[in-house]
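K.L.:
Per the numbering used here, residue 1 is the first one in the sequence shown, and the count goes up by one each step.
Note that beta-carbon positions come from the ideal geometry of N, C-alpha and C, so glycine has one too.
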Amino acid sequence: GDAPRRGDHRALTNPKSRYLNSKSNFQGGTRVWVSDLASGCSLKILLIRLRLIGDVVFTTPMPRAIKRQWPDASLSYLVEEAAAPVLATNSFIDELIVVRRARGMRRLLDDVKLAARLRRARYDVALDLHGGPRSSWLTLATGAPQRIGYEVQGRSWMYTTVVSRPRALRARHSVVNQW
Numbered sequence: 001g002d003a004p005r006r007g008d009h010r011a012l013t014n015p016k017s018r019y020l021n022s023k024s025n026f027q028g029g030t031r032v033w034v035s036d037l038a039s040g041c042s043l044k045i046l047l048i049r050l051r052l053i054g055d056v057v058f059t060t061p062m063p064r065a066i067k068r069q070w071p072d073a074s075l076s077y078l079v080e081e082a083a084a085p086v087l088a089t090n091s092f093i094d095e096l097i098v099v100r101r102a103r104g105m106r107r108l109l110d111d112v113k114l115a116a117r118l119r120r121a122r123y124d125v126a127l128d129l130h131g132g133p134r135s136s137w138l139t140l141a142t143g144a145p146q147r148i149g150y151e152v153q154g155r156s157w158m159y160t161t162v163v164s165r166p167r168a169l170r171a172r173h174s175v176v177n178q179w
């Protein structure tokens, strides 16, 4: 019937649907509409935060918050090896995707394989919590109908929803910006 299916863009833009986060929480960003799970549509969500263990620690409440809002959502988290132990026991994460931080041609080959794997997974929402070149490209490579990331010069085009940061936040240390 008319019930939205996973990957159906209409399911993510229906104004009567629940939304992932509000304008005020995005500090000037736009709303991201996500289908109402009562319609029988289960979301596949990917969080990406590749490195820096401390920054990964700051993201640990997100899986619980997402599962509280969408208990039937399938939640994957993509992280590099060094920060994986921080998330390994998080019961709200359904799949922990751990990638190594290779260099040179090996990294390029690994990332192409990873991009193909992410695209095959058919995520509905990909959230780039990092904003670096690699995470931006992997977010784009998912092909998710909703790709959310920070406004970064030269990379914002890779997202369907860009989250801007007020200039006042840019000059401060990233730890301060998280709070």
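Residue 115: which of 80, 88 and 143 sits nearest, CA to CA?
P.N.:
143
K.L.:
Who are the Cβ neighbours of residue 100 in its own chain at under 8 Å, not counting the five residues just before and after it?
P.N.:
80, 81 and 110
K.L.:
Please classify residue 155 as buried or exposed, where buried requires at least 16 other C-beta atoms within 10 Å of its C-beta.
P.N.:
With at least 16 other beta carbons inside 10 angstroms of its own, residue 155 counts as buried.
K.L.:
Counting Cβ pairs, one atom from each stretch, are 3 or more of them under 8 Å apart for the stretch 118-133 and the stretch 41-60?
P.N.:
yes
K.L.:
For residue 102 versus residue 96, is the C-beta spacing smaller than 9 Å?
P.N.:
no
K.L.:
Between the C-alpha atoms of residue 75 and residue 104, what's the straight-line distance to the nearest angstrom?
P.N.:
Distance between the alpha carbons of residue 75 and residue 104: 30 Å.
K.L.:
DSSP three-state call for residue 147: helix, strand or coil?
P.N.:
strand
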